[in-house]
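Residue numbers (this note's numbering): 46 to 210.
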Amino acid sequence: MTAQPEPEVRHAARVIVLDEAGRVLLMRGFDPADPSNVWWITPGGGLEPGEDERAGAVRELFEESGLRVRPDELSGPVAARTAFFSFMGRPYRQDEVLFYARLTGATDVDGSGWTDVERASVTELRWCTADELEAVGEPLYPPTLPSIVRGLLEDGWDGVRHEVD
46 MTAQPEPEVR
56 HAARVIVLDE
66 AGRVLLMRGF
76 DPADPSNVWW
86 ITPGGGLEPG
96 EDERAGAVRE
106 LFEESGLRVR
116 PDELSGPVAA
126 RTAFFSFMGR
136 PYRQDEVLFY
146 ARLTGATDVD
156 GSGWTDVERA
166 SVTELRWCTA
176 DELEAVGEPL
186 YPPTLPSIVR
196 GLLEDGWDGV
206 RHEVD
């Protein structure tokens with residue numbers, strides 16, 4: 046019996062970005078090793094060694110969407126989760142935090158800052174309403190994102206970092 050490899054541990058930061066219309070920015074991705082394995086996520090990704098979570102969230106948001114925010118424009122982290130997954134044949138454990146940003150003004154997105162891996166595994170950037178989140182029809186991470194977004198739209202951030210699946 047072959048032993049399963051230990052998952053690589055990653056630390057990541059993501060941003061729940063809402064525009065003036067109350068839409069959230071999502072990325073549709075898939076695993077190049079298994080193209081049938083698709084999902085929707087908020088912009089974000091792995092932290093660089095020694096990088097602060099907030100700084101990493103700002104960097105990742107810009108790289109993945111072209112949207113610029115300052116670290117002090119992020120609220121949170123509003124949520125945190127640990128995810129176990131396989132990507133390109135490797136197991137991962139990802140400890141991630143999710144920040145919140147509310148944008149005003151232009152919300153044109155641009156994937157020109159994507160890495161080679163992102164170009165090979167991300168098919169779309171899309172602004173979605175809360176109703177569209179619930180009807181996306183493909184896995185959404187975190188799965189509780191629709192309720193998180195509705196809470197942010199209705200009440201803003203409550204100041205608590207919520208542990209989510």
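We treat Cβ as the ideally placed atom computed from N, Cα and C, and that holds for glycine.
Residues of its chain near Ile86, where Cβ-Cβ distance is below 6 Å and the 5 sequence neighbours each way are ignored: Around Ile86: Met72 and Tyr186.
What does DSSP give as the partner residue(s) for Ser131 in the beta ladder? Looking at the DSSP assignment, Ser131 forms a beta bridge with Pro136.
8 Å CB neighbourhood of Ala125 in its chain, flanking five on each side removed: Once the five neighbours on either side are set aside, the close Cβ partners of Ala125 are Asp140, Glu141, Val142, Leu143, Arg206, His207, Glu208 and Val209.
If Pro52 and Pro136 are in contact, beta carbons under 8 Å, what's the gap, nearest whole angstrom? Indeed, because the Cβ distance is near 4 Å, the residues count as touching under 8 Å.
For Arg68 and Thr149, the rounded distance between their alpha carbons: Take the alpha-carbon of Thr149 and the one of Arg68: they are about 12 Å apart.
With distances taken from CA atoms, which of Glu169, Ala48, Val194 and Pro191 is nearest Gly156? With distances taken between Cα atoms, Gly156 lies closest to Glu169.
Please return the same chain residues whose Cβ sits closer than 8 Å to the Cβ of Arg99, not counting the five positions on each side in sequence. Ala58, Pro116, Leu119 and Phe144.
If Arg55 and Gly91 are in contact, beta carbons under 8 Å, what's the gap, nearest whole angstrom? Indeed, because the Cβ distance is near 5 Å, the residues count as touching under 8 Å.
When you compare only the Cα positions, how much space is there between Leu106 and Leu70? In this structure, the CA atom of Leu106 is about 10 Å from the CA atom of Leu70.
Just to confirm, is the Cβ distance from Val60 to Gly89 under 7 Å? By the CB criterion at 7 Å, Val60 and Gly89 fall inside the cutoff.
Buried or exposed: where does Pro184 fall if 16 or more other Cβ atoms within 10 Å of its Cβ makes it buried? Around the C-beta of Pro184, fewer than 16 other C-beta atoms lie within 10 Å, and the residue is accordingly described as exposed.
Is it true that the CB of Pro191 sits closer than 7 Å to the CB of Glu179? Annotated as proximal: Glu179 and Pro191, with beta-carbon spacing under 7 Å.
Out of Ala151, Gly111, Ala128 and Phe75, which one is the CA nearest neighbour of Val167? Taking each of Ala151, Gly111, Ala128 and Phe75 in turn and checking the Cα distance to Val167, the smallest one comes out for Phe75.
Would Val194 and Ala175 qualify as a contact pair, given that the criterion is a beta-carbon distance under 7 Å? Less than 7 Å divides the Cβ of Val194 from the Cβ of Ala175.
Might you give, ordered along the chain, the residues of its own chain that have their beta carbon closer than 6 Å to the beta carbon of Leu63, omitting 5 neighbours on each side? These residues qualify, in order along the chain: Val69 and Arg147.
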